[in-house]
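Asks:
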Amino acid sequence: MKPLCQIDKAMTLAAPRVRKKARPAKVVQKTAARKKTVRKRAAAKPPAPREPAPRAATLLAWYARHRRHLPWRARPSEPADPYRVWLSEIMLQQTTVKAVGPYFERFLARWPRLQDLASAPLEDVLKLWAGLGYYARARNLHVCARAIVERHGGAFPDTEDTLRTLPGIGAYTAAAIAAIAFGRKATPVDGNIERVIARLHAIETPLPAAKPLIHAHAQALTPARHAGDFAQAMMDLGASLCSPKRPACALCPWNDACAAHRRGDAETFPRKTPKANGALRRGAAYVAVRADGAILARVRPPAGLLGGMMEVPTTDWTHDFDERDALAHAPFKAAWQRVPGVVRHVFTHFPLELTVYRARAAAGARPPKDARWLPQHKIANEAFPNVMRKVIAHGISD
Ligand code: SF4
Numbered sequence: 000m001k002p003l004c005q006i007d008k009a010m011t012l013a014a015p016r017v018r019k020k021a022r023p024a025k026v027v028q029k030t031a032a033r034k035k036t037v038r039k040r041a042a043a044k045p046p047a048p049r050e051p052a053p054r055a056a057t058l059l060a061w062y063a064r065h066r067r068h069l070p071w072r073a074r075p076s077e078p079a080d081p082y083r084v085w086l087s088e089i090m091l092q093q094t095t096v097k098a099v100g101p102y103f104e105r106f107l108a109r110w111p112r113l114q115d116l117a118s119a120p121l122e123d124v125l126k127l128w129a130g131l132g133y134y135a136r137a138r139n140l141h142v143c144a145r146a147i148v149e150r151h152g153g154a155f156p157d158t159e160d161t162l163r164t165l166p167g168i169g170a171y172t173a174a175a176i177a178a179i180a181f182g183r184k185a186t187p188v189d190g191n192i193e194r195v196i197a198r199l200h201a202i203e204t205p206l207p208a209a210k211p212l213i214h215a216h217a218q219a220l221t222p223a224r225h226a227g228d229f230a231q232a233m234m235d236l237g238a239s240l241c242s243p244k245r246p247a248c249a250l251c252p253w254n255d256a257c258a259a260h261r262r263g264d265a266e267t268f269p270r271k272t273p274k275a276n277g278a279l280r281r282g283a284a285y286v287a288v289r290a291d292g293a294i295l296a297r298v299r300p301p302a303g304l305l306g307g308m309m310e311v312p313t314t315d316w317t318h319d320f321d322e323r324d325a326l327a328h329a330p331f332k333a334a335w336q337r338v339p340g341v342v343r344h345v346f347t348h349f350p351l352e353l354t355v356y357r358a359r360a361a362a363g364a365r366p367p368k369d370a371r372w373l374p375q376h377k378i379a380n381e382a383f384p385n386v387m388r389k390v391i392a393h394g395i396s397d
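Quick note, the sequence shown lines up with residues 0 to 397 if you use numbering that gives the first Met the number 0.
#1: Could you compute how far the alpha carbon of Leu240 sits from the alpha carbon of Glu266?
#2: Consider the C-beta atom of His214 and the heavy atoms of ligand 1; say whether any pair is separated by less than 6 Å.
#3: Looking at His344 and ligand 1, is the gap between the Cβ and the nearest heavy atom below 6 Å?
#4: Report, in whole angstroms, the separation of the C-beta atoms of Thr94 and Trp253, which I expect to be a contact under 8 Å.
#5: Considering only heavy atoms of ligand 1 and the C-beta of each residue, which residues fall inside 7 Å, strictly closer?
#6: Considering Ala223, what are the terminal residues of the alpha helix (DSSP H) in which it resides?
#7: Does the distance from the CB of Ile196 to the CB of Val84 come in under 7 Å?
#8: Kindly indicate which residue of Ala98, Met90, Ser87 and Gly130 has the alpha-carbon position closest to the one of Pro384.
#9: Identify which residue in Ala361, Ala173, Leu127 and Ala334 has its Cα closest to the Cα of Arg109.
#10: To which residues of the same chain is Leu304 closer than 8 Å at the C-beta, ignoring the five residues directly before and after it?
#11: Could you spell out where the beta strand (DSSP E) holding Trp372 opens and where it closes?
#12: Please look up how many angstroms separate the CB atoms of Arg357 and Val286, rounded, as I've assumed it's under 8 Å.
#13: Helix, strand or coil: which one does DSSP assign to His467?
#14: Any idea which residues DSSP pairs Gln336 with across the strands?
#15: Is it buried or exposed, Pro330, if we count other Cβ atoms within 10 angstroms and call 16 or more buried?
#16: Taking DSSP's pairing of strands, which residues face Pro350 in a bridge?
#17: DSSP three-state label for Ala119, please.
#18: Return the CA-CA distance between Pro78 and His225, expressed in angstroms with no decimal places.
#19: So is Thr317 buried or exposed if we call it buried at 16+ other beta carbons inside 10 Å?
#20: Taking the beta carbon of Asp189 as the centre, do at least 16 other beta carbons fall within 10 Å, making it buried, or is it exposed?
#21: Do Ala284 and Thr313 have their C-beta atoms closer together than 7 Å?
#22: Leaving out five residues on either side along the sequence, give the residues of the same chain with a beta carbon under 7 Å from the beta carbon of Arg337.
#23: Buried or exposed: where does Ile378 fall if 16 or more other Cβ atoms within 10 Å of its Cβ makes it buried?
#24: Is Arg194 helix, strand or coil when you go by DSSP?
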């Protein structure tokens, strides 16, 4: 006799399968479609946040206590000067606050009002800008000053839309001027603010695709009143506590509302799409020194990279530069000598490597067309970009 458990098992195995009654095809399709819609809706909805929403008032209270004192910033009870706001915002693009400080002071001392800057020669503006980099900004600054005088009687327009019609003023700068100088509800979003927002919401989409989402979150946070203070508070938070590598979350006024802080990986935001570095470009530069020490220099073409800035003669900077042809491009015939080593410089989009050649010229040597002899003591005050200063230093070194 089989034990009971085996009988049960045998019966179960032997039992005929009861087939469920097949549902009509229409019903099956409807159910599948319904499930799909539910799944879609769930995916489209952001997960319910576990943190309280960040509040503008909290940040404004922090800003009242911890705002940075910057040379272009108005004191708490004073109205902001649009000229100073504009000048500082243009200078701060791609440049640090520390580097901009002395340039801002020098510009303001030389051209205290917009009208003064508008009537200055471009050459002088470029000279005072030399060393700050991204020289297109200096040219645009000058064109913009003139446009404000010509089109708006010297007064800055006070809306984002009109500000954006001016040369060199993009979305960010227009929003910054509108908010800070005119108290408009506008939301400037620069790299620092992108970082704060990406962390607050732990945004997984990498930059630059995340920009519209980040901007929408920033706009939603901007208060109708004190939008200028709010914009500056965001800038200060991004520049101080919410730093790229080691955010000081313990001191942050928004740490209870920050999703990335709760996760413990704030420094990994914002996500970024890895960018390919530009390919290396190479070329040759020629440092000609006259018997009295003067250097041969010329002005670069007005448009394009470093347009309107000073340089020593150079070849084009290309990916396939052949050093064997270098002397064919020298500005005049002479006993050119290759200076050992190379000058390296990194532009935003590509790294550059220049081979430097040096030659002596007689005391009365005439400069080639479009070039001039420049006494060495004047080099510091001319609009040479940093790469050219490196080339000259390399060329006259022993
Ligand atoms: S809590 Fe930390 S990561 Fe979040 S906004 Fe503040 S400083 Fe940035």
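The beta carbon of each residue, even a glycine, is placed where N, CA and C say it ideally should be.
Replies: This is what the structure gives:
#1: Distance between the alpha carbons of Leu240 and Glu266: 12 Å.
#2: No.
#3: Flag unset: Cβ of His344 not near ligand 1.
#4: Wrong, their Cβ atoms sit about 27 Å apart, outside the cutoff.
#5: Cβ atoms closer than 7 Å to ligand 1 belong to Val195, Arg198, Leu199, Leu236, Leu240, Cys241, Pro246, Ala247, Cys248, Cys251, Trp253, Asn254, Cys257, Ala259, His260 and Ala265.
#6: Bounds of any alpha helix (DSSP H) do not take in Ala223, whose DSSP letter is neither H nor E.
#7: Remark: C-beta atoms of Ile196 and Val84 do not approach each other more closely than 7 Å.
#8: With distances taken between Cα atoms, Pro384 lies closest to Gly130.
#9: Ranking the options by Cα distance to Arg109, first place goes to Leu127.
#10: If we look at Leu304 and ignore the five residues flanking it on each side, its Cβ neighbours are Phe346.
#11: Here the beta strand (DSSP E) through Trp372 covers Ala370 to Leu373.
#12: Rounded, the Cβ-Cβ distance is 5 Å, consistent with contact.
#13: Residue numbering for the chain in the displayed model covers 0 to 397; residue 467 lies beyond these limits and cannot be assessed.
#14: Looking at the DSSP assignment, Gln336 forms a beta bridge with Arg357.
#15: Pro330 is buried by the Cβ-count criterion.
#16: DSSP, once it has assigned bridges, lists Val345 as partnering Pro350.
#17: Here Ala119 sits in coil by DSSP.
#18: Spanning the alpha carbons of Pro78 and His225 requires a straight line of approximately 12 Å.
#19: Exposed, because fewer than 16 other Cβ atoms sit within 10 Å of the Cβ of Thr317.
#20: Around the beta carbon of Asp189, a 10 Å sphere encloses 16 or more other beta carbons of the protein chains shown; the residue is thus reported as buried.
#21: Cβ atoms of Ala284 and Thr313: closer than 7 Å.
#22: Thr354 and Tyr356.
#23: Here Ile378 is buried. Its C-beta has 16 or more other C-beta atoms within 10 Å.
#24: DSSP places Arg194 within a helical segment (H, G or I) once states are collapsed to three.
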